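Numbering (the numbering used here), first residue to last: 1 to 349.
Yeah, the Cβ is synthetic: ideal placement off N, Cα and C, and Gly gets one too.
Small disclaimer: the values here were computed from a predicted structure and weren't measured.
Quick notes on the structure that follows.
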């Protein structure tokens, strides 16, 4: 086990470097870099004016600025150094989790990401727990009633929910329950109310939960179908295997056959995905949901960073998320072996 884990950790290094290198190269050729946007602002133009080259190219917006001033602007953003030198310096800083400073927010990228986490954690964790808590019991009930009216009706409902985009459902919920054209039941914006700090603790909890209802519903409804059908199909597959027939022939009750034998084996694919899903829940960012409900989270931060060419935020957040994704993948593989002893590390690729 130790040798496999060490090998996987060593493989993370070139994977991480490759992802960062490709992204870094792309940023060098994307038009409308931070220097050009600042030049547009200094000349009284819109930051979204036409761009003709990346950060190291020639800037149409730089016409009228003397070379000394332009050189100062490039030095301000670090573009006065060769690209390979900037990339190596960035990797060296990332080893110590020094993700640099945002060009536009003027604060540490790590602090900026941490400041957006409360929104993303709230959305991600509630989505994660509600999905697992609803879909597993529903999938088991559908498997034990395969082909019944309950199975058909529930399948129809979850598939309709899967077909409705989350942002469309969010808009519909706001119109119906957010004081749009019908009932003013839930708040329109934010994670908590403006007077949240003045409320007693129990009202703070209720206020927070009240704000979470509509955005969480918009996120979880579409994810019910996949998890529910996966649970149902995995359990049906186990029920049809020979060992289940043998257990029934030995006189075991249906509940023991179902929950002690079939259910435990059917849950292996779901449980082994738990580490990745749980870690991913902390960094879930949905741009459209955050925009609709005025939630300032990681989804909105990533979108704005790409538009503004805020490269430290783009690259720093990508580095952090890629690293966590690789760790989650490793934990998933380890959980496979811990849950199912039949799987050997040498057989995992």
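If residue i and residue j are in contact, beta carbons under 8 Å, what's the gap, nearest whole angstrom?
| i | j | result |
| --- | --- | --- |
| residue 183 | residue 174 | In fact, because the Cβ distance is near 11 Å, the residues do not count as touching under 8 Å. |
| residue 350 | residue 308 | Shown here, the chain extends from 1 to 349; a query on residue 350 therefore has no answer. |
| residue 225 | residue 303 | Contact flag wrong, Cβ pair sits at about 27 Å. |
| residue 220 | residue 330 | Going by Cβ atoms, the distance from residue 220 to residue 330 rounds to 27 Å, so no, they are not a contact pair. |
| residue 116 | residue 297 | 5 Å |
| residue 140 | residue 231 | 7 Å |
| residue 102 | residue 313 | 5 Å |
| residue 299 | residue 218 | The pair is not a contact, with the Cβ atoms about 13 Å apart (cut-off 8 Å). |
| residue 268 | residue 334 | So it is not a contact: roughly 13 Å between Cβ atoms. |
| residue 28 | residue 83 | 6 Å |
| residue 214 | residue 293 | 7 Å |
| residue 238 | residue 265 | 5 Å |
| residue 187 | residue 201 | That belief does not hold up - the Cβ atoms of residue 187 and residue 201 are roughly 19 Å apart, past 8 Å. |
| residue 9 | residue 146 | Wrong, their Cβ atoms sit about 43 Å apart, outside the cutoff. |
| residue 362 | residue 171 | Because the chain here runs from 1 to 349, residue 362 falls outside it and cannot be looked at. |
If you count every other CB in all the chains shown that lies within 10 Å of the CB of residue i, and 16 or more means buried, which is it?
| i | result |
| --- | --- |
| residue 137 | exposed |
| residue 1 | exposed |
| residue 319 | buried |
| residue 97 | exposed |
| residue 272 | buried |
| residue 126 | buried |
| residue 260 | exposed |
| residue 251 | exposed |
| residue 81 | exposed |
Among residues of its own chain, excluding the 5 on either side of residue i, which ones have a beta-carbon nearer than 6 Å to its beta-carbon?
| i | result |
| --- | --- |
| residue 193 | 207 |
| residue 15 | none |
| residue 152 | none |
| residue 144 | none |
| residue 324 | 279 |
| residue 13 | none |
On the three-state DSSP scale, how would you describe residue i?
| i | result |
| --- | --- |
| residue 18 | helix |
| residue 333 | helix |
| residue 55 | Because residue 55 sits at a pLDDT of 42, beneath the cut-off of 50, its placement in the model cannot be relied upon, and the point is left open. |
| residue 111 | helix |
| residue 207 | helix |
| residue 184 | strand |
| residue 248 | helix |
| residue 193 | coil |
| residue 299 | helix |
| residue 61 | Because residue 61 carries a pLDDT of 43, less than 50, the predicted location of this residue cannot be relied on, and no value is offered for it. |
| residue 30 | coil |
For residue i, which residues in the same chain have their Cβ closer than 7 Å to its Cβ, ignoring the five residues on either side in sequence?
| i | result |
| --- | --- |
| residue 122 | 191, 212 |
| residue 57 | The predicted position of residue 57 is uncertain, since its pLDDT is 42 and thus under 50; a value taken from the coordinates is nonetheless stated next. Around residue 57: no qualifying Cβ. |
| residue 240 | none |
| residue 257 | 244, 247, 248 |
| residue 135 | 224, 227, 228, 231 |
| residue 196 | 204, 207 |
| residue 100 | 93, 109, 312, 316 |
| residue 332 | 272, 273, 275, 276 |
| residue 189 | 293, 294 |
| residue 287 | 299, 300, 303 |
Just reading off the alpha helix (DSSP H) that residue i is part of, what are its end residues?
| i | result |
| --- | --- |
| residue 166 | 166 to 177 |
| residue 101 | Element bounds for residue 101: n/a, residue is neither H nor E. |
| residue 267 | From DSSP, residue 267 is part of no alpha helix (DSSP H); its letter is neither H nor E. |
| residue 91 | 83 to 95 |
| residue 232 | 224 to 239 |
| residue 259 | Counting along the chain, residue 259 falls outside any alpha helix (DSSP H), and DSSP gives it neither H nor E. |
| residue 288 | 287 to 292 |
Looking only at its own chain, which residues have a Cβ that is under 8 Å from the Cβ of residue i, when we skip the five neighbours before and after it?
| i | result |
| --- | --- |
| residue 91 | 17, 20 |
| residue 23 | 314, 315, 318 |
| residue 119 | 191, 290, 295, 296, 297, 298 |
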